[in-house]
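These protein sequence lines are chains A and B, in that order. Residue numbers for the first sequence follow UniProt numbering, beginning at 1 and rising by one. Residue numbers for the second sequence follow UniProt numbering, beginning at 1 and rising by one. Where a beta carbon is used, it is the ideal one built from N, C-alpha and C, also for glycine. For reference, the structure discussed in these notes is given below.
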Amino acid sequence: MFILSSFSDLVIVDPEDFSKRTVDALEDQINAKYANKVVYNLGLCITLYDIQRVTEGMISHGSGSAHVTVEFRLVVFRPFKGEVLTGRISSSSRHGINVRTDFFDEIFIPATYLFEGTTYDVKENVWVWNNEENKFYMDKNEVIRFRVEEETFEDQLPVPPHLLEGSREVERKPPYRIIVSSPG
Amino acid sequence: MKILNPRVGMLSNHEVLTHITAMKARYLEVHQRVGGVNAMKAENLETVMKEVRDYLLASPCANQTDENIQAFMRAVSAYPLEKGELLQIINERPTTVAELDCIIEEMDARFSDDQGQDILAVVVQHLPPRPKEER
Chain A
1 MFILSSFSDL VIVDPEDFSK RTVDALEDQI NAKYANKVVY NLGLCITLYD IQRVTEGMIS
61 HGSGSAHVTV EFRLVVFRPF KGEVLTGRIS SSSRHGINVR TDFFDEIFIP ATYLFEGTTY
121 DVKENVWVWN NEENKFYMDK NEVIRFRVEE ETFEDQLPVP PHLLEGSREV ERKPPYRIIV
181 SSPG
Chain B
1 MKILNPRVGM LSNHEVLTHI TAMKARYLEV HQRVGGVNAM KAENLETVMK EVRDYLLASP
61 CANQTDENIQ AFMRAVSAYP LEKGELLQII NERPTTVAEL DCIIEEMDAR FSDDQGQDIL
121 AVVVQHLPPR PKEER
């Protein structure tokens, strides 16, 4: 579910942070940049794990900030294909079930990936699994176990102004989405 | 930004929880020693730390210790399980054959019914149960 990834990045420490220990200042900068953000084709970054190498700080012309190249490792949420996880149902529709965990919302079970014999109850807006004699209702907020099948990454490119057509807001696809199935 | 190695290794839920708990303790200590201003962290970090912690504290890893996992790994080494399967067993702590069957690929072909029961017994013996549902 979680992996460790190693990065190298240029971290800029502003003069106001010079009073902190270097390690703490770097940690804060890295966390502010990466925590809870999706990196394209990698996964959802959680926090810094450790710092492995730090160069000497360079102060560039015209500003008082120290520029430091840092090699570090991050904890990243990236379940592998076939991994079984638990989450809660956040909403259901004709197309399938949306599932979330406390920290990640973009999990989707398409109708075709549900158990055989699962039907959609339009009136109640809920999927029902008819297992022999018993009916299992997949209600909202119910804990559900699922298996990772596919993952999609969307690069969040800026939209050119002429395509906006007056509206400031564009509907964006989630940067990282996991398609899952009910295991069985 | 450059990704040097996208997958250095996998972390168990227990390791992530330990790491976040240690971070929280360290920030709290700074808060008490030099005051709140220095302990202020970015909003996105606070959010994700709280959410991941909430999720993990409700999962079986909340009560695990390093010793539990080491003992479990020694005991389970008798069975030819893949790395990913072991990681999921530790994270999910299956207690029924049905749950184990989800995690282990081709379980019917690889293990007999008795072996399945034995693996479950090892799991129950070495890994502590998940905290009671309170929500």
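From the DSSP output, read off the bridge partner residues of residue i.
i: B/LYS2; result: A/SER8
i: A/CYS45; result: A/VAL76
i: A/ARG88; result: A/ARG100, A/VAL143
i: A/LYS135; result: A/ASN130
i: A/ALA66; result: A/VAL13, A/ILE59
i: A/THR119; result: A/VAL128
i: B/ARG130; result: Paired residues: none, contrary to the question.
i: A/GLU150; result: A/ILE179
i: A/GLU71; result: A/SER8, A/ARG53
i: B/GLY9; result: A/LEU4
Using only CA atoms, which one of the options lies nearest to residue i?
i: A/TYR113; options: A/ARG88, A/PHE146, A/ASN125, A/LEU85; result: A/PHE146
i: A/ASN131; options: A/PHE77, A/VAL11, A/PHE115; result: A/PHE115
i: A/ARG172; options: A/ASP155, A/PRO161, A/HIS162; result: A/ASP155
i: A/SER91; options: A/GLU133, A/ASN141, A/LEU4, A/PHE77; result: A/ASN141
i: B/ILE89; options: B/VAL8, B/MET1, B/ASN13; result: B/ASN13
i: A/PHE103; options: A/ASP14, A/ALA35, A/LYS20, A/LEU42; result: A/ALA35
i: B/ILE1; options: A/MET1, A/LEU4, A/LEU10, A/GLU124; result: The identity of residue 1 of chain B in the sequence shown is Met, whereas the question assumes Ile. If we check each option's Cα against that of B/MET1, A/LEU10 comes out closest.
i: A/LYS123; options: A/TYR137, A/PRO15, A/GLY117; result: A/TYR137
i: A/ILE89; options: A/GLY62, A/ILE109, A/PRO15, A/PRO79; result: A/ILE109
i: A/TYR176; options: A/PHE18, A/THR119, A/ALA111, A/TYR40; result: A/TYR40
i: B/GLU99; options: A/SER182, A/GLU56, A/SER8, A/SER6; result: A/SER182
i: B/SER112; options: B/PRO6, B/VAL97, B/MET73; result: B/VAL97
i: B/LEU120; options: B/TYR79, B/TYR27, B/GLU106; result: B/TYR79
i: B/GLN70; options: B/ASP114, B/THR95, B/GLU15; result: B/GLU15
i: A/PHE80; options: A/ILE144, A/SER60, A/GLY43, A/GLU16; result: A/GLY43
Does any C-beta atom of chain A lie closer than 8 Å to the C-beta of residue i?
i: B/GLU92; result: yes
i: B/LYS83; result: no
i: B/MET107; result: no
i: B/ASP114; result: no
i: B/TYR79; result: no
i: B/GLN88; result: yes
i: B/ASN68; result: no
i: B/ALA42; result: yes
i: B/GLU134; result: Low local confidence applies: a pLDDT of 46 at B/GLU134 is under 50, so the model's placement there is unreliable, with the coordinate-based value given in what follows. With 8 Å as the cut-off, B/GLU134 does not count as an interface residue toward chain A.
i: B/PRO131; result: no
i: B/ASN63; result: no
i: B/ILE119; result: no
Between residue i and residue j, is the Cβ-Cβ spacing less than 8 Å?
i: B/PRO131; j: B/LEU81; result: no
i: A/ARG53; j: A/GLU27; result: no
i: B/MET23; j: B/MET40; result: no
i: B/VAL122; j: B/PHE72; result: yes
i: A/ALA32; j: B/LEU86; result: no
i: B/ARG75; j: B/HIS126; result: At residue 75 of chain B the sequence reads Ala, which differs from the Arg that was named. In this structure, B/HIS126 lies closer than 8 Å to B/ALA75 by Cβ.
i: A/VAL84; j: B/CYS102; result: yes
Less than 8 Å between the CB atoms is what I'm expecting for residue i and residue j, so what's the real figure, rounded?
i: B/GLU92; j: B/PRO60; result: 7 Å
i: A/GLU149; j: A/ILE179; result: 5 Å
i: A/TYR49; j: A/VAL13; result: Going by Cβ atoms, the distance from A/TYR49 to A/VAL13 rounds to 20 Å, so no, they are not a contact pair.
i: A/THR47; j: B/ILE20; result: 7 Å
i: A/PHE2; j: B/LEU11; result: 4 Å
i: A/ARG73; j: A/LEU4; result: 5 Å
Taking only beta-carbon atoms, is residue i less than 8 Å away from chain B?
i: A/ASP102; result: yes
i: A/VAL84; result: yes
i: A/VAL75; result: yes
i: A/ASN36; result: yes
i: A/PHE153; result: no
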